[in-house]
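Everything on this sheet refers to the single structure shown next.
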Amino acid sequence: MVHVLNHPLITHKLAIMRSKDTGTRDFRELLYEIAMLMTYEITRDLPTEKVEIETPICKMETEMIQGKKLAVVPILRAGLGMADGFLKIEPAAKVGHIGLYRDPDTKQPVLYYCKLPDDVSERLCVVTDPMLATGGSAADAISILKEKGVKNIKLMCLVGAPEGVELLQKLHPDVDVFLAALDECLNENKYIVPGLGDAGDRIFGTL
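According to the numbering used here, the sequence shown is numbered sequentially starting from 9.
Printed below as a string of structure tokens:
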């Protein structure tokens, strides 16, 4: 299922990020903030259990998260910007890394690095990548996690194109996709339109 989180705070911050006049520092901070807001929604269905605590006034029963193991897996390098925001909300989550780059000629993703927690198969894994363009990198990253035995995977992206969403739904219909915005299409260079440019370059100032 695809979830477009069109919350006013997310929409506002994303609008600033889209502007070509937004510099690296502000772009990076806004991505971090949006990732935190999206994490709130992504973790909405975490199971809880009743526990007893004692307040300064009395004992009470309340709900706490039921020991759910989490992992965030950014697709290098741009996914790192969203992973930091996720970890601000879920600091106990473990972190894996999958390195993929897009071949300039074929436009297809190429794997160059993969390091995952030993117990990754026991965790809810949230894959992060700001841009869901063709969907190739995200689909490959999810396939890698499934090969490692991961059963529960969610994908968190900032901006998506219909082409990428369609590929994810075709190849991984069991994976929920969370977007801050679903844009119009891809151009001839496989960039999202209207998009926000190359997220990695804008995060790390390598324009």
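Cβ atoms here follow ideal geometry from the backbone N, Cα and C, with glycine treated the same way.
Query                                                                                                  : Result
TYR40, enclosing alpha helix (DSSP H) - first and last residue                                         : 32-50
Spatial distance of GLN116 from ASN14 (CA atoms)                                                       : 30 Å
MET9 in three-state terms, based on DSSP                                                               : coil
N- and C-terminal bounds of the beta strand (DSSP E) containing GLY168                                 : 160-168
In DSSP terms, what LEU190 is bridged to                                                               : GLY168
The region 29-49 in contact with the region 72-92 per 3-pair CB rule at 8 Å                            : yes
Straight-line gap, VAL173 to LEU132 (C-alpha atoms, nearest Å)                                         : 21 Å
GLY89, DSSP secondary structure in three states                                                        : helix
Where the alpha helix (DSSP H) containing ILE150 begins and where it ends                              : 144-155
One or two residues paired with HIS20 in a DSSP bridge                                                 : Note: HIS20 sits in no beta bridge, so no partner.
Assigned exposure category for HIS180 - 16 Cβ within 10 Å defines buried                               : buried
Cβ neighbour criterion (16 or more within 10 Å) applied to SER27                                       : exposed
Buried versus exposed, by CB contacts within 10 Å (16 or more), GLU60                                  : exposed
Continuous alpha helix (DSSP H) assignments of at least 4 residues falling wholly in the region 55-132 : 88-97
Among LYS154, ALA189 and ILE150, nearest to PRO82 - alpha-carbon criterion                             : ILE150
Alpha-carbon spacing of ILE97 relative to PRO16, whole angstroms                                       : 20 Å
Option in PHE35, GLU171 and MET72 with minimal Cα separation from ASN195                               : GLU171
Rounded straight-line distance, which links the Cα of LEU166 to that of LEU175                         : 17 Å
Cβ contact (3+ pairs, closer than 8 Å) linking the region 180-194 and the region 43-50                 : yes
For LEU108 and ASP148, believed in contact at Cβ under 8 Å, the rounded distance                       : 6 Å
Contact set for VAL80: own chain, Cβ-Cβ below 7 Å, skip 5 residues either direction                    : ALA91, PHE94, LEU95, ALA101, VAL103, VAL134 and THR136
Local conformation of ASP137 per DSSP, three classes                                                   : coil
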